[in-house]
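Quick note: the sequence shown uses my numbering, first residue 531, plus one each step.
Even for Gly, the Cβ is constructed at its ideal location relative to N, Cα and C.
Remember, it's a predicted structure, so these values are computed and weren't measured experimentally.
Here is the structure we will look at.
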Amino acid sequence: MFLTKEEEAILDGEYGEALEIAMSVLVKMGDMYGADKMIEIENAHIDAASYATIYDAGLYFCEKFSNSGVSFKVPATLNTSAIDFERWRELRLPKSLVEKQIRLAKAYRKMGAITTWTCAPYQYGANLRFGQNIAWGESNAVIFANSVIGARTNRFGDLIDVCAAVVGKVPRFGLYVDENRRGNILFKLDRLPVKSLSRSDYAALGFLIGSMTGTDVPIVMGIPKNVTIDQLKFFGAAAATSGSVALCHICGVTPEAKNLKEASGGVKPDEKISIGINELNDAKEKLSTVGEKTPNIVALGCPHYSVEELRKVARFIKGKRVKENVELWIFTSRLAKMLAREMGIVQLIEKAGGKVIADSCLLYFPIEQWGFKTLMTDSAKMAYYAPGLTKMDVIFKSTEKCLRAAVNDN
531 MFLTKEEEAI
541 LDGEYGEALE
551 IAMSVLVKMG
561 DMYGADKMIE
571 IENAHIDAAS
581 YATIYDAGLY
591 FCEKFSNSGV
601 SFKVPATLNT
611 SAIDFERWRE
621 LRLPKSLVEK
631 QIRLAKAYRK
641 MGAITTWTCA
651 PYQYGANLRF
661 GQNIAWGESN
671 AVIFANSVIG
681 ARTNRFGDLI
691 DVCAAVVGKV
701 PRFGLYVDEN
711 RRGNILFKLD
721 RLPVKSLSRS
731 DYAALGFLIG
741 SMTGTDVPIV
751 MGIPKNVTID
761 QLKFFGAAAA
771 TSGSVALCHI
781 CGVTPEAKNL
791 KEASGGVKPD
801 EKISIGINEL
811 NDAKEKLSTV
821 GEKTPNIVAL
831 GCPHYSVEEL
841 RKVARFIKGK
851 RVKENVELWI
861 FTSRLAKMLA
871 REMGIVQLIE
881 KAGGKVIADS
891 CLLYFPIEQW
901 GFKTLMTDSA
911 KMAYYAPGLT
921 KMDVIFKSTE
931 KCLRAAVNDN
């Protein structure tokens with residue numbers, strides 16, 4: 531891989547140990563993937579923001595960097611943490627976890643990170659544009675950046691994202707290269723009622739497409755141009771969960787896929803697959819581990835809920851009460867929560883007995899502290915990961931059905 535004189539000097543340690551370590555990691559990765567050179571990035575999103583995923587080794591790595599005095603070269607937003615910084619006591623989170631998460635937060639602040647603490651930085655915190663080279667972790671954020679905005683990033687693992695933010699560069703390979711962004715599997719929506727699909731329908735659709743795509747680049751025809759950002763968020767998060775999808779060309783929505791020819795680069799797709807209502811319903815059923823059952827907890831917000839999503843919940847449960855034997859937890863970013871609180875939305879939800887939780891995710895929490903056995907969610911991503919990470923049974927339903935399970939009618 532070609533390196534400039536400055537890049538070689540960084541690699542040789544002339545700019546300090548931290549930059550040397552970061553550059554060596556990036557160069558090794560570039561050599562592994564056959565990159566031809568390094569390219570500058572304009573933005574980073576750091577997935578290695580939760581102590582619950584990087585543990586002591588990752589904390590040591592980040593504190594070593596911050597103690598060296600190094601600062602991020604580009605704006606760097608932070609993914610979800612392991613705690614809600616304001617209400618961790620109420621959520622029964624272990625003090626040892628809290629202390630180490632706070633140390634990690636201090637290290638990132640010292641390096642100049644933007645403390646968004648959200649898995650949906652594209653909604654609150656990150657400024658992106660079409661064609662921009664960025665370096666993002668967090669699978670749902672990566673697919674959204676590539677597919678909806680048309681920025682360019684690979685799926686970067688924990689701590690590589692930190693190295694990229696420190697150096698301000700990444701190796702050029704994968705989705706930074708034009709030919710690798712060509713869609714090669716075509717999915718056609720066959721008589722699906724696309725105008726009436728809910729967000730959970732889009733989640734199931736994304737999960738189905740991701741499971742049949744793997745690491746390829748899918749093309750989807752049939753999604754209406756007026757699809758909402760929140761629907762695309764649910765779709766992308768699910769597609770990136772069941773497969774390793776980092777880019778999906780949605781014809782008429784993705785900036786570089788105005789039509790099939792543009793999405794495929796003028797080359798005939800390798801495969802064509804039709805998706806109808808039966809396939810969609812099958813995908814929904816597979817996301818549940820149990821049938822009809824009363825949940826102990828209804829968890830919404832994976833990825834983090836937007837202000838508009840919080841507003842819809844508040845409208846639904848206004849004047850109602852969360853059932854005595856059920857917890858209703860809604861996860862969002864601190865910026866969305868702040869705005870929703872100013873609008874009176876948070877107050878309405880919490881008056882009904884729900885919890886609006888910022889900065890974190892249920893999947894990081896020690897659920898055994900609460901004794902939950904059955905989870906209901908509208909998120910395909912949470913439905914997929916929860917059985918393995920939390921040992922709970924899972925019921926995947928629409929947002930409305932989740933709320934009906936959580937609150938009393940009167």
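- Query: Ends of the beta strand (DSSP E) at Cys832?
  - Reply: Start and end: 827 to 835.
- Message: Using a Cβ-Cβ cutoff of less than 6 Å, which residues in the same chain neighbour Tyr652 once the five nearest sequence positions on both sides are dropped?
- Response: For Tyr652, where only same-chain residues beyond five positions count, the Cβ hits under 6 Å are Phe674.
- What is the rounded straight-line gap between the Cα of Glu572 and the Cα of Lys850? Spanning the two alpha carbons is a distance of roughly 46 Å.
- Message: What does the alpha-carbon distance come out to for the pair Ala695 and Gly806?
- Response: Between the alpha carbons of Ala695 and Gly806 lies a gap of roughly 43 Å.
- Task: Classify Tyr706 as buried or exposed, calling it buried when 16 or more other Cβ atoms lie within 10 Å of its own Cβ.
- Result: Per the 10 Å Cβ criterion, buried.
- Query: Which residues in the same chain have their Cβ closer than 7 Å to the Cβ of Val876, if we skip the five residues on either side of it in sequence?
  - Reply: Taken in chain order, the residues that qualify are Lys867, Ala870, Val886.
- Query: Are Leu556 and Lys699 close, meaning C-beta to C-beta below 8 Å?
  - Reply: Taking 8 Å as the cut-off, the beta carbon of Leu556 is found closer than this to the beta carbon of Lys699.
- Measure the C-alpha to C-alpha separation of Trp618 and Val628 and round it to an integer number of angstroms. The C-alpha of Trp618 lies about 8 Å from the C-alpha of Val628.
- Query: Which residue comes first and which comes last in the beta strand (DSSP E) that contains Ser669?
  - Reply: DSSP places Ser669 outside any beta strand (DSSP E); the residue lies instead in the alpha helix (DSSP H), whose first and last residues are 669 to 674.
- Query: In terms of residues, what are the limits of the alpha helix (DSSP H) holding Ser863?
  - Reply: That residue, Ser863, is in no alpha helix (DSSP H); it is neither H nor E in DSSP.
- Message: One question on the structure: do Thr784 and Val678 come within less than 8 Å of each other, judged by their Cβ atoms?
- Response: Against a cut-off of 8 Å, the Cβ pair of Val678 and Thr784 comes out as a contact.
- Task: Give a yes or no on whether the C-beta atoms belonging to Ile664 and Thr646 are separated by under 8 Å.
- Result: No; because the gap between Cβ atoms is not below 8 Å, this pair is not in contact.
- Task: Going by DSSP, name the residue or residues bridged to Lys567.
- Result: Lys567 pairs with Phe532.
- Would you list the residues sitting across from Ile632 in a DSSP beta bridge? For Ile632, which the question treats as bridged, DSSP gives no partner whatsoever.
- Task: Grab me the residues of Gly744's own chain with a C-beta within less than 7 Å of its C-beta, minus the 5 sequence neighbours each way, in chain order.
- Result: So the list reads Gly773, Ser774, once near-sequence residues are dropped.
- Taking all protein chains shown into account, decide if Glu538 is buried (16 or more other Cβ within 10 angstroms of its Cβ) or exposed. With fewer than 16 other Cβ atoms inside 10 Å of its own Cβ, Glu538 counts as exposed.
- Label Tyr563 either buried or exposed according to how many other C-beta atoms from any shown protein chain fall within 10 Å of its C-beta, with 16 as the threshold for buried. Under this definition Tyr563 is an exposed residue.
- Inspect the CB distances between the stretch 903 to 921 and the stretch 837 to 845 and report whether three or more fall short of 8 Å. Output reads no: the stretch 837 to 845 does not touch the stretch 903 to 921.
- Item | Beta-ladder partner(s) of Pro701, from DSSP | Paired residues: Met568.
- Ends of the alpha helix (DSSP H) at Ser510? Outside the shown range of the chain (531 to 940) lies residue 510, about which nothing can therefore be said.
- Message: Using CA atoms only, rank isn't needed, just tell me which of Gly831, Arg845, Gly883, Leu817 is closest to Val852.
- Response: Cα-wise, what sits closest to Val852 is Gly883.
- Query: Using the rule of at least 16 other Cβ atoms within 10 Å of the residue's Cβ for burial, across every protein chain shown, is Asp614 buried or exposed?
  - Reply: So Asp614 ends up on the buried side.
- Message: Less than 6 Å between C-beta atoms, sequence neighbours within five positions excluded: which residues of the same chain meet that for Pro624?
- Response: Hits under 6 Å: none found.
- Query: So, Arg633 versus Leu689, is the Cβ gap smaller than 8 Å?
  - Reply: Not in contact: Arg633 and Leu689 (Cβ atoms no closer than 8 Å).
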